[in-house]
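Working notes, structure below.
Numbering (the numbering used here), first residue to last: 23 to 271.
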């Protein structure tokens, strides 16, 4: 596995472990509540006689159990989504393209990167209508992970990442804009060169962008970048609609 692949996998594992702590913590906490509620119910029913005051207690305990079940279901759903997202990222060598909605790919990537963004980066989603595209979903996840991570890393403190989707001239378009310091005009020409970095970016950014560009081009698309120093940057990913991609084969 390449150095970039090792780095991406390490970030994925760290993010997955971090994000799993929250739902697992809720389930662990609820287990204690369940044990105490069930223990109290058994005490009430032990003598086979239930008076009016005990009926009220049972009602309260049943309401508590209902809340616990609801919270546990949310926690299980979060864990399921995290595992599904991680699986799609690991499957970067799948040989068969599939028709996918890039908005769902973006959402699964954002779910995994929550630990990187929370409390510091506000993510604004401006999703427009988007036809499906034929692509390798795992590799698209890798592209979006690189672009969103890069966007978050160039923002020095708190800031905003805006993600827009739209359709244009046979392409599904995803734009990822950041509120960072922007990219100097001279650097824009080299931003996708493998290993290229600037003083405003963190180490390794160029490697991730180079790989992302290669992935998109191999799927019939392209990546564009626009930036004005002091006004952030926008990376634009264009992938052919599923119909256009099929016709080209």
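For every residue, glycine included, the Cβ atom is placed at its ideal position computed from N, Cα and C. All values reported here derive from a predicted model rather than from experimental measurement.
Notebook entry, point to check: How would you write the range of the beta strand (DSSP E) that residue 262 sits in, first residue to last?
Noted result: 255–262
Check: Going straight from the alpha carbon of residue 172 to that of residue 87, what length do you get?
Finding: 44 Å
Check: Just the Cα atoms here: how many angstroms apart are residue 154 and residue 191?
Finding: 14 Å
Next item on the list: In the DSSP assignment, find the beta strand (DSSP E) that holds residue 181 and state where it starts and stops.
Entry: 181–190
Check: What span of residues does the alpha helix (DSSP H) with residue 174 cover, start to end?
Finding: 159–176
Checklist line | Cutoff 8 Å: residue 147 Cβ touching any chain B Cβ | finding: Looking at the structure shown, chain B is missing, and only one protein chain is on hand.
Margin query: By alpha-carbon positions, which one of 58, 90, 203 ends up nearest to residue 253?
Written below: 203
Checklist line | Buried versus exposed, by CB contacts within 10 Å (16 or more), residue 259 | finding: buried
Next item on the list: Could you name the residues that DSSP lists as bridge partners for residue 147?
Entry: 185
Next item on the list: Measuring alpha carbon to alpha carbon, tell me which of 195, 130, 140 ends up nearest residue 163.
Entry: 130
Check: Which same chain residues, not among the five before or five after residue 52, have their C-beta less than 7 Å away from its C-beta?
Finding: 90, 93, 94
Check: Cα-Cα, which of 248, 237, 98 is closest to residue 212?
Finding: 248
Check: Since residue 247 is in the alpha helix (DSSP H), which residue starts that stretch and which ends it?
Finding: Counting along the chain, residue 247 falls outside any alpha helix (DSSP H), though it belongs to the beta strand (DSSP E) covering 244–249.
Checklist line | Own chain residues within Cβ distance below 7 Å of residue 169, not counting five before or after | finding: 198, 234, 257
Next item on the list: Look at the alpha carbon of residue 210 and the alpha carbon of residue 50, and state the distance between them as a whole number of angstroms.
Entry: 49 Å
Next item on the list: Quick one: using the 10 Å Cβ neighbour count with 16 as the cut-off for buried, is residue 156 buried or exposed?
Entry: buried
Checklist line | residue 122 (DSSP reduced to helix, strand or coil) | finding: strand
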